[in-house]
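J.:
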DNA sequence: AATACAAACGCAAAATATTTGCTTTATGAG
DNA sequence: CTCATAAAGCAAATATTTTGCGTTTGTATT
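Chains as they are written, first to last, in the numbering used here: chain S, 8 to 196; chain R, 8 to 196.
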């Protein structure tokens, strides 16, 4: 039951994929996670269940697939003029998004995927975003721009951690602290 | 389908719970995650499937329940004489445990649980451990002992993040960096 | 210690979901 | 245009999950 990354790009395959994804999104808007079933999705998408089982394996992988899409950043991060500002702006939007009910569900669905690659991919989004912000800061000539690794460990990791385990603490105020620290830390090696 | 936290402590209930947990552990040693089924577990545990469904809801919650147990720290953290040393000792053991194949699975199973409380509980283990190490350090009279929050954000969060998303980086060497930084950071507020 | 009460279990039938073998369709390459 | 093949449809066969109901067994009360 291998998970296909690159389906046939055009034609029926793509149409089916789109129809199924769309059906999932529509049903998710109305039903809770454990009311959702494969046969339901299949019917709404105008597809037989076996098609879904063959392509995605099971419901968990299907909803994870849909959720990863949902988490892909759609727009470029705003440019506030400083790295700290950019981080704060992006982070606040991200926190808001992930604290919402559908955001929470998306997060959960992705985490529930047995496919490690999927989780990693979703996470690369943040990393590539950090890279973008870093390069922007360097281009501006900012000093003491932290390494990518440090940004991830100092900002993304605590944010993710709190979102997953301790939602109460996933706040804009804490975000500010993480950013200040990440930018302030002396090099230690 | 509410998940019962406190089952009847003694007697049959407890016996069933233990038998089922045991059955899961035995089967997990032999079968991959998606070969495991509720009826199988039920049979090995000498219980009817409906008992399991009623008590745990589904397989995902059951294996998550078992895995949370597995992640409960069994022994007191070693005392190396310094906070940094204690953190390193604990962290290395934890990393080793979670990088192993069964450790990885346990981590995945917990993350796949729809029950937030379960994930949080598993996470409290680390927090309470950090509290222990902090108090120990304070009792020794160490200076500049970081707040619990800072230890979690600075050490536990990056560790967890890397374990979940970027296993390659979940190393003892990086752990050392996280610890050094967490202990070195000036207060910023 | 006897009784009452409710929680948890067992059993088995019914309802659903999943898998599978085979056929048909549609796409992309030659 | 034709061919080879990946993906989809269909339907029968399995497997699972759910559910109603009767029974067992802890727990609390007297």
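For every residue, glycine included, the Cβ atom is placed at its ideal position computed from N, Cα and C.
Small disclaimer: the values here were computed from a predicted structure and weren't measured.
Under 8 Å, do residue 51 (chain R) and residue 34 (chain R) count as touching if we go by C-beta distance?
T.: Reading the second chain from its first residue, position 44 is the one you call residue 51 (chain R). Reading the second chain from its first residue, position 27 is the one you call residue 34 (chain R). Against a cut-off of 8 Å, the Cβ pair of residue 34 (chain R) and residue 51 (chain R) comes out as a contact.
J.: Are the CB atoms of residue 45 (chain S) and residue 59 (chain S) nearer to each other than 8 Å?
T.: Counting from one through the first chain, the residue named residue 45 (chain S) turns up at place 38. Counting from one through the first chain, the residue named residue 59 (chain S) turns up at place 52. Their beta carbons are under 8 Å apart, which means residue 45 (chain S) touches residue 59 (chain S) by this criterion.
J.: Applying a beta-carbon distance threshold of less than 8 Å, which residues of chain R neighbour residue 127 (chain S)?
T.: Counting from 1 along the first chain, the entry for residue 127 (chain S) is found at position 120. Ordered by position in chain R, the residues that pass the 8 Å Cβ test against residue 127 (chain S) are 172 and 173.
J.: Whole angstroms are fine: how far does the CA of residue 125 (chain S) sit from the CA of residue 118 (chain S)?
T.: Looking up residue 118 (chain S) in the first chain gives position 111. Looking up residue 125 (chain S) in the first chain gives position 118. Answer to the nearest angstrom: the Cα atoms are 9 Å apart.
J.: Along the segment 153-167 of chain S, where does the CB come closer than 9 Å to a CB of chain R? Name the residues.
T.: Per Cβ criterion, the list reads 156, 157, 159, 160, 161, 163, 164, 165, 166 and 167.
J.: Could you tell me whether any Cβ in chain R is nearer than 8 Å to the Cβ of residue 40 (chain S)?
T.: Taking the first chain and counting its residues from 1, one reaches residue 40 (chain S) at position 33. True, the Cβ-Cβ gap to chain R drops below 8 Å.
J.: Any residues in the segment 83-99 of chain S with a beta carbon nearer than 8 Å to a beta carbon of chain R? Which ones, in chain order?
T.: So the list is empty, because no residue satisfies the distance condition.
J.: List the endpoints of the continuous alpha helix (DSSP H) containing residue 180 (chain S).
T.: The residue labelled residue 180 (chain S) in the question sits at position 173 within the first chain. Element bounds for residue 180 (chain S): 179-191.
J.: Determine the DSSP secondary structure at residue 145 (chain S), reduced to helix, strand or coil.
T.: Residue numbering aside, residue 145 (chain S) sits at position 138 when the first chain is read from its first letter. The answer is helix: DSSP assigns residue 145 (chain S) an H, G or I state.
J.: Can you give me the C-alpha to C-alpha distance between residue 165 (chain S) and residue 82 (chain R), rounded to a whole angstrom?
T.: Your numbering for residue 165 (chain S) matches position 158 in the first chain. Your numbering for residue 82 (chain R) matches position 75 in the second chain. Roughly 27 Å between the two C-alpha positions.
J.: So, is the C-beta of residue 137 (chain S) closer than 8 Å to a C-beta in chain R?
T.: Taking the first residue of the first chain as position 1, residue 137 (chain S) is located at position 130. No, residue 137 (chain S) does not count as interfacial toward chain R.
J.: Need the endpoints of the alpha helix (DSSP H) that residue 58 (chain S) sits in, please.
T.: To locate residue 58 (chain S), count along the first chain from 1; it is residue 51. Taken as a continuous stretch (DSSP letters only), the alpha helix (DSSP H) holding residue 58 (chain S) covers 56-63.
J.: When we look at the beta-carbon of residue 11 (chain R) and count the other beta-carbons within 10 Å, is it buried (16 or more) or exposed?
T.: Within the second chain, residue 11 (chain R) is the residue found at index 4, counting from 1. Model confidence at residue 11 (chain R) stands at a pLDDT of 39, short of 50, so the residue's coordinates are unreliable and nothing is read from them.
J.: Check whether the Cβ atoms of residue 78 (chain S) and residue 30 (chain S) lie closer than 8 Å to each other.
T.: Here residue 78 (chain S) refers to the residue found at position 71 when the first chain is read from its first residue. Here residue 30 (chain S) refers to the residue found at position 23 when the first chain is read from its first residue. Contact flag unset, no.
J.: Listing by chain order, which chain R residues have their CB less than 7 Å from the CB of residue 105 (chain S)?
T.: Taking the first residue of the first chain as position 1, residue 105 (chain S) is located at position 98. By Cβ distance, chain R contributes nothing, its closest Cβ being about 13 Å from residue 105 (chain S), past 7 Å.
J.: Alpha carbons only, please: which of R:173, R:155, R:92 and R:28 is nearest the one belonging to residue 137 (chain R)?
T.: By 1-based counting over the second chain, the position of residue 137 (chain R) is 130. For the residues R:173, R:155, R:92 and R:28, the minimum Cα distance to residue 137 (chain R) belongs to R:155.
J.: Do you know how far the Cα of residue 23 (chain S) is from the Cα of residue 62 (chain S)?
T.: Indexing the first chain from 1 puts residue 62 (chain S) at position 55. Indexing the first chain from 1 puts residue 23 (chain S) at position 16. Straight-line Cα distance between these residues: approximately 10 Å.
J.: Under 9 Å, CB to CB, which of the residues in the segment 113-127 of chain R have a partner in chain S?
T.: Those residues of the segment 113-127 of chain R that come within reach of chain S (Cβ to Cβ, closer than 9 Å) are 115, 118, 119, 120, 121, 123, 126 and 127.
J.: Quick check: the Cα distance between residue 131 (chain S) and residue 148 (chain R), rounded to an integer number of angstroms?
T.: Against the first chain, residue 131 (chain S) aligns to sequence position 124. Against the second chain, residue 148 (chain R) aligns to sequence position 141. One C-alpha to the other measures close to 42 Å.
J.: Residues of chain S with CB closer than 7 Å to the CB of residue 185 (chain R), please, in chain order.
T.: Position 178 of the second chain holds residue 185 (chain R). Under the 7 Å cutoff, chain S gives 160.
J.: Relative to the alpha-carbon of residue 75 (chain S), which residue among S:94, S:32 and S:152 has its alpha-carbon at the smallest distance?
T.: The residue given as residue 75 (chain S) occupies position 68 in the first chain. For residue 75 (chain S), the nearest C-alpha among the options comes from S:32.
J.: Secondary structure at residue 96 (chain R), three-state DSSP: helix, strand or coil?
T.: Position 89 of the second chain holds residue 96 (chain R). Correct three-state label for residue 96 (chain R): helix.
J.: CB residue 172 (chain S) to CB residue 127 (chain R), shorter than 8 Å?
T.: Along the first chain, one-based indexing puts residue 172 (chain S) at 165. Along the second chain, one-based indexing puts residue 127 (chain R) at 120. Against a cut-off of 8 Å, the Cβ pair of residue 127 (chain R) and residue 172 (chain S) comes out as a contact.
J.: Just to confirm, is the Cβ distance from residue 191 (chain R) to residue 157 (chain R) under 8 Å?
T.: Residue mapping note: residue 191 (chain R) aligns to position 184 of the second chain, counting from 1. Residue mapping note: residue 157 (chain R) aligns to position 150 of the second chain, counting from 1. Result no, Cβ atoms of residue 191 (chain R) and residue 157 (chain R) do not sit closer than 8 Å.
J.: Could you tell me the distance, in whole angstroms, from the CA atom of residue 40 (chain R) to the CA atom of residue 167 (chain R)?
T.: What you label residue 40 (chain R) is simply residue 33 of the second chain in a count that begins at 1. What you label residue 167 (chain R) is simply residue 160 of the second chain in a count that begins at 1. Taking the straight line joining both Cα atoms gives about 22 Å.
J.: From what residue to what residue does the alpha helix (DSSP H) around residue 162 (chain S) run?
T.: On the first chain, position 155 is the one that residue 162 (chain S) refers to. Residue 162 (chain S) -> no alpha helix (DSSP H), and no H or E assigned at all.
J.: Just curious, the alpha helix (DSSP H) that residue 173 (chain S) is in, first and last residue?
T.: On the first chain, residue 173 (chain S) is found 166 positions in, with the first residue counted as 1. Unbroken run through residue 173 (chain S): none, as it is neither H nor E.
J.: Determine the DSSP secondary structure at residue 150 (chain R), reduced to helix, strand or coil.
T.: The residue labelled residue 150 (chain R) in the question sits at position 143 within the second chain. In this structure, residue 150 (chain R) counts as coil in the three-state DSSP scheme.
J.: State the Cα-Cα distance for the pair residue 185 (chain R) and residue 106 (chain R), rounded to the nearest angstrom.
T.: For the purposes of this step, residue 185 (chain R) is taken as the residue at position 178 of the second chain. For the purposes of this step, residue 106 (chain R) is taken as the residue at position 99 of the second chain. Roughly 18 Å separates the two Cα atoms.
J.: So what does DSSP say about residue 76 (chain S), is it helix, strand or coil?
T.: Taking the first chain and counting its residues from 1, one reaches residue 76 (chain S) at position 69. Residue 76 (chain S) falls in the helix class under three-state DSSP.
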